[in-house]
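Enquirer:
Chains as they are written, first to last, in my numbering: chain A, 1 to 201; chain B, 202 to 1004.
(1) What are the complete alpha helix (DSSP H) segments, minimum 4 residues, inside the stretch 254-341 of chain B?
(2) Use the C-beta contact count for residue 351(B): other C-beta atoms within 10 angstroms, 16 or more gives buried, fewer gives exposed.
(3) If we call anything under 8 Å between Cβ atoms a contact, is residue 673(B) one with residue 633(B)?
(4) Residue 853(B) touches chain A at which residues, Cβ-Cβ below 9 Å?
(5) Please report the residue range of the beta strand (DSSP E) in which residue 856(B) lies.
(6) Please work out which residues of its chain come closer than 8 Å, Cβ to Cβ, to residue 329(B), disregarding the five sequence neighbours upstream and downstream, and give them in chain order.
(7) Counting pairs of beta carbons, one from the stretch 600-618 of chain B and one from the stretch 643-661 of chain B, are three or more of them closer than 8 Å?
(8) Hey, how far is the Cα of residue 422(B) from the Cα of residue 264(B)?
(9) Give me the Cβ distance between residue 601(B) and residue 630(B), rounded to the nearest whole Å; I'm assuming they're in contact under 8 Å.
(10) Taking 6 Å as the limit between beta carbons, can you name the residues of its chain near residue 255(B), skipping five residues before and five after?
(11) For residue 224(A), go through chain B and note every residue whose CB falls closer than 7 Å to its CB, in chain order.
(12) Counting along the chain, where does the alpha helix (DSSP H) carrying residue 709(B) start and finish?
(13) Below 8 Å between beta carbons: does that hold for residue 582(B) and residue 608(B)?
(14) Determine the DSSP secondary structure at residue 505(B), reduced to helix, strand or coil.
(15) Does the distance from the C-beta atom of residue 399(B) to that of residue 370(B) stay below 8 Å?
(16) At which residues does the beta strand (DSSP E) containing residue 8(A) begin and terminate?
(17) In terms of residues, what are the limits of the beta strand (DSSP E) holding residue 448(B)?
(18) Do we get a CB-CB distance below 8 Å when we pair residue 347(B) with the residues of chain A?
(19) Is the stretch 677-690 of chain B in contact with the stretch 460-473 of chain B, if contact means three or more CB pairs nearer than 8 Å?
(20) Quick one, which of 110(A), 169(A), 161(A) and 174(A) has its alpha-carbon nearest residue 68(A)'s?
(21) Please identify the residue among 565(B), 368(B), 348(B) and 366(B) whose C-alpha is closest to the C-alpha of residue 390(B).
(22) Select from 63(A), 56(A) and 48(A) the residue whose C-alpha is nearest the C-alpha of residue 9(A).
(23) If we cut at 8 Å on Cβ distances, does residue 898(B) have a partner in chain E?
(24) Would you say residue 475(B) reaches chain A, if we count a Cβ-Cβ gap shorter than 8 Å as a contact?
(25) With distance defined between alpha-carbon atoms, name the residue in 130(A), 146(A) and 123(A) nearest to residue 74(A).
(26) Mind checking if residue 878(B) is an interface residue toward chain A, Cβ cutoff 8 Å exclusive?
(27) From 568(B), 645(B) and 706(B), pick the residue whose C-alpha is nearest to that of residue 636(B); which is it?
(28) How about residue 948(B): is its C-beta nearer than 8 Å to some C-beta of chain A?
(29) Measuring only between beta-carbons, confirm whether residue 845(B) sits less than 8 Å from chain A.
(30) According to DSSP, residue 635(B) sits in a beta bridge with which residue or residues?
(31) Under 7 Å Cβ-Cβ, which residues of chain A neighbour residue 850(B)?
(32) If you run the structure through DSSP and keep just helix, strand and coil, what is residue 898(B)?
(33) With burial defined as no fewer than 16 other Cβ atoms inside 10 Å of the residue's Cβ, what is the status of residue 154(A): buried or exposed?
(34) Label residue 7(A) either buried or exposed according to how many other C-beta atoms from any shown protein chain fall within 10 Å of its C-beta, with 16 as the threshold for buried.
(35) Report, in whole angstroms, the separation of the C-beta atoms of residue 65(A) and residue 85(A), which I expect to be a contact under 8 Å.
(36) Could you name each continuous beta strand (DSSP E) segment of 3 residues or more that falls completely within the stretch 125-196 of chain A, going from the start of the chain to the end?
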């Protein structure tokens, strides 16, 4: 019942995705150049994930997630047919927050692009982790559901407190939760991946 | 016996993991293990006893998360009392075995400001409450462990020192990259922790002993206090549905024993280790002698990432954050323009300085507040160590306290009053002290007399336990225009101090050329001479090319620059008179017809440097206000309306805004006070609890572009502080930003307070979670869907005022 930790190498960069986060469909040449400059700064990012598996069950009106209960109907729908979940947290570290803070003083346009880069980076490491989990489960004849985070649909953000308690995030990968339930480093994600014996959902 | 005495001649064994053992005994996921001190005292005491029997000398209380964030005051006291009683019960079962009870303190679980929401002083107070209870219930020492942030570590150590006389051991958690989560390397942590008087330091958790060995070796190289190690039993792995750690007891013991041979003086285990591991370790370590701990005498300072050591290449200390003789800087200080200070810091870092001097002293400002703010803001975004430069001991203490590392202190001198004020601060917070060789009688003319003052300062420092390597002497460079012999005596003094006292020296080199033409030439040559005599550091102007050239050339000539690589790199980027010109002309001649002028094109395209250059050229032809009206504003309108029509995207809008700002800066420099056409003051802030402020910053930039004077209160701002600022500025408009649903109530509260205190002030709100309906519901006057809409509304408010 320990928390597992894994560091990932930097996932390949998806420029289109970064530009999408920055709100750009057709970037001008100047924006492309600025993005290139921003991308030279991110070599110090660290890609880390910690996770734990829980058996889940129906508890009448609520869903028993193995570490807490929730009344979320949307999560229940997502987890239909699942017998367990992988609960995970991922981060790209504090350096991106420093880069963003520094850029805010010098160039808000760079800050905006760095924000977008950070979002793309943390989603990219989540995708890699998710692929690993899906492959490992498939080897055991099980199937995964799309990941689901607190704040999606009717799953309350307050669930973050329970997640942080069981994943020991500050100690394992250096994410902390502040009083308004925001995470530091800001480019961090927590999510639940459902596991089922049934390939269809 | 005091643990410190025992430690002098013995290797000390620490205990091992607790969490895994409690889970095996039935601790549930999410259940707080500290409560088991009360509910399962026999289990806790039994684990402690097993560790003592395995050979542990120091038992840590089961209080890793025992703080006021997790427990109320009454329960916290019960837990700490019980935790210590549980250790005492175990000790009673092992008579004759030398052992001590350590009050265990782990991280708060919250991130400190500015990247989290826990204030530094709140963190100090949080740890202080735990420390006071540990003292009350009889702990033998304090063990601060698993800290992965240097700033929080400092808060905890400060709390321990301010609330007890107990020995304090400090252990940090390093990642696989050999750094803390927030960036510090071992040398930086050694500098910080030794400076503040930790009794033993080292690392624990995160990795197994072999993986932590490189970190441990760095500690052993830098530390003059005992080094401790509590590694994990490797990493957790899933084996047949069960989790276990991948380093087994025998291997663990061999790996740790090897590090004991190298000089580690306290060893135990962290996650995944059990009494079996400690028993294996004590067996493997029997017969290993306790290696003597030698003083390293390293003169250094540190930031939140790294240490800078004196004695190799001369250290460059940037002098530009200082208002002396700088009109624009003084204006910035009076206006509390922190951005201006930060830009000076970043620009100097780009020039290659290793330390930044920070001086914000002006007679009419609150130096305590401003110096502290400047230090906090600088260390949020710049990883260079800082030199805190003030003559006010109150300001020095306030800034030192908040400094995330071991600072350089500028300065003390041979006057009794100065030493009485500065040495206690250096002792408490750590620091490398710049000591000026002057005293009550002024600056002596002869080098020998300056040496005598240096000796006097050393003797006085020793009374506080401040070692000679923590002093760096400045024998004072004086103007040769006033006294022909001045430089020669200073140079002699540099040599005397290095030779006679074995101490490091630093000079504020610029003074030497005062009153002469082409000052840089004299200063740079003086700098070369001083380095030749052994100078360790200089406070200097990094924008001066002769100074940088002197430094690079000296390092190459003195054998301090391997293969002259740094010099070659420097020489290659020096401006070549011929290369730059064609580029600018090419850019200037590319004149597409769709823009009214080159300047407008530069702004629309977001070309910052070009916009500034073209504006500077335009200013030769016509007044600044005309350029604003006829060039900048029309260009901004092109981009702004494109944004509203969705043909221009946000990054382009921002790049244009930055280019316009660069153009404004040029114009501002030529304008007299108040001529920039400020329309009215607008206060903006991100509300309490919210630490994301990019949206607010975008709005600020655009408002400034359109001529508004913006008072930016930053992020995570208390409602009352926002209201006070509006009232003080008599601002007709307040802009509030919130990103999260959880912080909208703070926005609502701010508006409520504002309505009572400043009913005339209008409020516009924005941010990801807001909608027009939501904005109306919390009492805002306007919901701004984006920055352009905020500008339009601000214009509307300004117009209604002028009517």
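Every residue gets a Cβ at the ideal spot worked out from N, C-alpha and C, and that includes glycine.
Expert: Put simply:
(1) If we require 4 residues or more, the alpha helix (DSSP H) runs fully inside the stretch 254-341 of chain B come out as 274-293 and 321-337.
(2) Result: buried.
(3) Yes, these two residues count as a Cβ contact at 8 Å.
(4) Residues of chain A passing the Cβ test: 24, 27, 28, 30, 31 and 109.
(5) First-last for residue 856(B): 851-871, but that is the alpha helix (DSSP H), not the beta strand (DSSP E).
(6) These residues qualify, in order along the chain: 360, 363 and 364.
(7) The answer is yes - the stretch 643-661 of chain B touches the stretch 600-618 of chain B, with three or more Cβ pairs under 8 Å.
(8) Residue 422(B) and residue 264(B): Cα-Cα distance of roughly 32 Å.
(9) Going by Cβ atoms, the distance from residue 601(B) to residue 630(B) rounds to 4 Å, so yes, they are a contact pair.
(10) These residues qualify, in order along the chain: 476, 479 and 480.
(11) Because chain A is modelled from 1 through 201, residue 224(A) falls outside the range shown and cannot be assessed.
(12) Per DSSP, residue 709(B) belongs to no alpha helix (DSSP H); it is in the beta strand (DSSP E), 705-709.
(13) With a cutoff of 8 Å on beta-carbon distance, residue 582(B) and residue 608(B) are scored as not near each other.
(14) Of the three classes helix, strand and coil, the one that applies to residue 505(B) here is coil, per DSSP.
(15) Yes, Cβ-Cβ distance for residue 399(B) and residue 370(B) is below 8 Å.
(16) 4-8 is the span of the beta strand (DSSP E), which, as asked, contains residue 8(A).
(17) Where residue 448(B) is concerned, there is no enclosing beta strand (DSSP E), because DSSP gives it neither an H nor an E.
(18) Answer yes: the Cβ-Cβ gap between residue 347(B) and chain A drops below 8 Å somewhere.
(19) They do not touch, by the three-pair rule.
(20) Among 110(A), 169(A), 161(A) and 174(A), the Cα nearest to that of residue 68(A) is on 161(A).
(21) Residue nearest to residue 390(B) within the set 565(B), 368(B), 348(B) and 366(B) is 348(B) (criterion: CA-CA distance).
(22) The shortest Cα separation from residue 9(A) among 63(A), 56(A) and 48(A) belongs to 48(A).
(23) Among the protein chains in the structure shown, which are A and B, there is no chain E.
(24) With 8 Å as the cut-off, residue 475(B) does not count as an interface residue toward chain A.
(25) Scanning 130(A), 146(A) and 123(A) for the CA closest to the CA of residue 74(A) turns up 146(A).
(26) The predicted position of residue 878(B) is uncertain, since its pLDDT is 47 and thus under 50; a value taken from the coordinates is nonetheless stated next. Not one chain A Cβ lies under 8 Å of residue 878(B).
(27) Put simply, of 568(B), 645(B) and 706(B) the residue whose alpha carbon is nearest the alpha carbon of residue 636(B) is 706(B).
(28) At a cut-off of 8 Å between beta carbons, residue 948(B) makes no contact with chain A.
(29) Output row for residue 845(B): interface = no.
(30) Residue pairing by DSSP places residue 635(B) opposite 611(B) and 673(B) in a beta bridge.
(31) Ordered by position in chain A, the residues that pass the 7 Å Cβ test against residue 850(B) are 23 and 24.
(32) Helix, per DSSP.
(33) That one is exposed.
(34) Here residue 7(A) is exposed, its C-beta having fewer than 16 other C-beta atoms within 10 Å.
(35) Contact flag correct, Cβ pair sits at about 6 Å.
(36) Segments of the beta strand (DSSP E) lying fully in the stretch 125-196 of chain A: 188-196.
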